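Colleague:
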């Protein structure tokens with residue numbers, strides 16, 4: 073696909089976590105009946121977790137809503153960071169790591185067209201999670217490959233890696249992650265139905281949409297540059 077002359081192997085995304093012996097991982101593919109940009113928006117803004125995923129990776133709705141979303145522009149992408157100190161651990165975290173008290177949670181998202189890496193997890197509160205000391209905590213690292221099929225259908229390739237290696241835990245994390253993403257899929261497909269019914273409806277961003285908004289700006293710029301090259305070549 074695209075112009076072979078522009079292909080650059082150095083730009084192929086790396087995901088070395090799949091070969092890291094400290095982690096176990098599983099992968100899957102979902103066929104989503106929704107536009108691919110809906111999936112990008114969903115993954116770039118995790119403030120929906122307590123509302124859509126209370127049985128797995130959710131949490132306190134008020135805390136999620138109040139958490140500041142920090143964004144950084146990368147050379148070819150966008151980075152989003154959200155930190156939630158002194159949180160009640162969600163069900164998946166408790167099942168995988170056995171947390172008994174409050175935890176310091178993190179959500180770190182990196183977008184580049186058109187894939188997203190998400191590192192989420194937690195450590196016992198006050199044990200250095202925000203200073204880079206996380207080996208004693210629980211980590212989930214997701215890879216999300218997003219391939220448009222049509223204007224309203226998308227191939228969603230994903231994997232989940234975890235450092236919780238106890239017998240049976242990687243499979244538990246995978247299953248609960250799959251359940252979580254199926255919930256996302258249901259929401260996205262309902263969104264697409266609403267868009268189809270009212271395609272001219274104006275969308276309004278809120279504060280937590282900042283990462284998704286910057287990702288969409290980058291996508292629009294790349295599409296525009298590609299179209300300009302095509303016009304230039306045709307001329």
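Residue numbers (my numbering): 73 to 307. All C-beta atoms, glycine included, are put in the ideal place defined by N, C-alpha and C. Because the structure is a prediction, the values reported are computed rather than measured.
(1) Please check if any C-beta of chain D sits within less than 8 Å of the C-beta of residue 260.
(2) Go to residue 275, then tell me how far its alpha helix (DSSP H) extends in each direction, as first and last residue.
(3) Would residue 225 and residue 219 qualify as a contact pair, given that the criterion is a beta-carbon distance under 8 Å?
(4) In this structure, does DSSP put residue 183 in helix, strand or coil?
(5) Taking the DSSP output, what are the residues bridged to residue 176?
(6) Under the three-state reduction of DSSP, which class applies to residue 189: helix, strand or coil?
(7) Among 176, 195 and 257, whose alpha-carbon lies nearest the alpha-carbon of residue 158?
(8) Leaving out five residues before and five after residue 167 in sequence, what residues of the same chain have Cβ atoms less than 7 Å from its Cβ?
(9) Checking the sheet assignment: what are the DSSP bridge partners for residue 104?
(10) Rounded C-beta distance between residue 96 and residue 242? I'm assuming under 8 Å.
(11) What first and last residue would you give for the alpha helix (DSSP H) that runs through residue 252?
(12) Measuring CA to CA, which of 112, 165 and 202 is closest to residue 126?
(13) Give a yes or no on whether the C-beta atoms belonging to residue 152 and residue 290 are separated by under 8 Å.
(14) To which residues does DSSP link residue 212 through a beta bridge?
(15) Quick one: grab the DSSP three-state call for residue 89.
(16) What are the start and end residues of the alpha helix (DSSP H) that includes residue 283?
(17) For the beta strand (DSSP E) containing residue 169, list its first residue and its last residue.
(18) Tell me whether the beta-carbon of residue 256 lies closer than 8 Å to the beta-carbon of residue 124.
(19) Grouping DSSP H, G and I as helix and E and B as strand, with all else coil, what is residue 122?
(20) Hey, residue 318 and residue 118: beta-carbon distance below 8 Å or not?
(21) Tell me which residue opens and which closes the beta strand (DSSP E) that residue 146 is part of.
(22) Taking the alpha-carbon of residue 217 as reference, which of 87, 82, 81 and 76 has the nearest alpha-carbon?
(23) With DSSP collapsed to three states, give me the class of residue 79.
(24) Could you give the distance in angstroms between the alpha-carbon of residue 192 and the alpha-carbon of residue 213?
(25) Closest to residue 147 by C-alpha separation, out of 161, 303 and 184, would be which residue?
Modeller: Reading off the structure:
(1) This model lacks chain D altogether, as it is built from one protein chain only.
(2) For the purposes of this step, residue 275 is taken as residue 203 along the chain shown, with counting starting at 1. Unbroken run through residue 275: none, as it is neither H nor E.
(3) Numbered from 1 along the chain shown, position 153 holds the residue referred to as residue 225. Numbered from 1 along the chain shown, position 147 holds the residue referred to as residue 219. Contact annotation: residue 225 and residue 219 have beta-carbon atoms that are not nearer than 8 Å.
(4) If you number the chain shown from 1, residue 183 lands on position 111. Look at residue 183 here: in three-state DSSP terms it is strand.
(5) One-based indexing of the chain shown puts residue 176 at position 104. Bridge pairing for residue 176: 195 [DSSP].
(6) On the chain shown, position 117 is the one that residue 189 refers to. Residue 189 sits in a strand when the DSSP states are folded into three classes.
(7) Within the chain shown, the letter at position 86 stands for residue 158. The option with the nearest alpha carbon to residue 158 is 176.
(8) Residue numbering aside, residue 167 sits at position 95 when the chain shown is read from its first letter. The residues 244, in chain order, have a CB closer than 7 Å to that of residue 167 in the same chain once the five nearest residues on each side in sequence are set aside.
(9) Residue mapping note: residue 104 aligns to position 32 of the chain shown, counting from 1. Looking at the DSSP assignment, residue 104 forms a beta bridge with 226.
(10) Within the chain shown, numbered from 1, the residue matching residue 96 stands at position 24. Within the chain shown, numbered from 1, the residue matching residue 242 stands at position 170. Rounded, the Cβ-Cβ distance is 4 Å, consistent with contact.
(11) As a working note, residue 252 is residue 180 in the chain shown. Where residue 252 is concerned, the enclosing alpha helix (DSSP H) stretches over 241 to 269.
(12) For this step, residue 126 is matched to residue 54 along the chain shown. Considering only alpha carbons, the answer is 165.
(13) Along the chain shown, one-based indexing puts residue 152 at 80. Along the chain shown, one-based indexing puts residue 290 at 218. One thing to note: residue 152 has its Cβ no nearer than 8 Å to the Cβ of residue 290.
(14) Position 140 of the chain shown, counting from 1, holds the residue named residue 212. 192 and 234.
(15) Locating residue 89 in the chain shown gives position 17, where the first residue counts as 1. DSSP, read as helix, strand or coil, puts residue 89 in helix.
(16) Walking along the chain shown from the start, residue 283 turns up at place 211. Residues 282 to 306.
(17) Counted from its first residue, the chain shown places residue 169 at position 97. Taken as a continuous stretch (DSSP letters only), residue 169 belongs to no beta strand (DSSP E), being part of the alpha helix (DSSP H) at 163 to 169.
(18) Here residue 256 corresponds to residue number 184 of the chain shown, with the count starting at 1. Here residue 124 corresponds to residue number 52 of the chain shown, with the count starting at 1. For residue 256 and residue 124, yes; Cβs fall inside 8 Å.
(19) Your numbering for residue 122 matches position 50 in the chain shown. In the structure shown, residue 122 sits in a helix (DSSP, three-state: H, G or I).
(20) An answer regarding residue 318 cannot be provided, because it is not within the stretch 73 to 307 covered by the chain.
(21) Within the chain shown, residue 146 is the residue found at index 74, counting from 1. That run of the beta strand (DSSP E) goes 142 to 146.
(22) Here residue 217 corresponds to residue number 145 of the chain shown, with the count starting at 1. Shortest Cα-Cα distance from residue 217 to any of 87, 82, 81 and 76 involves 87.
(23) As a working mapping, residue 79 is identified with position 7 in the chain shown. In the three-state DSSP reduction, residue 79 falls in the coil class, being neither helix nor strand.
(24) Taking the first residue of the chain shown as 1, we reach residue 192 at position 120. Taking the first residue of the chain shown as 1, we reach residue 213 at position 141. When the Cα atoms are used, residue 192 and residue 213 turn out to be separated by approximately 6 Å.
(25) Within the chain shown, numbered from 1, the residue matching residue 147 stands at position 75. Per the C-alpha coordinates, the member of 161, 303 and 184 positioned closest to residue 147 is 184.
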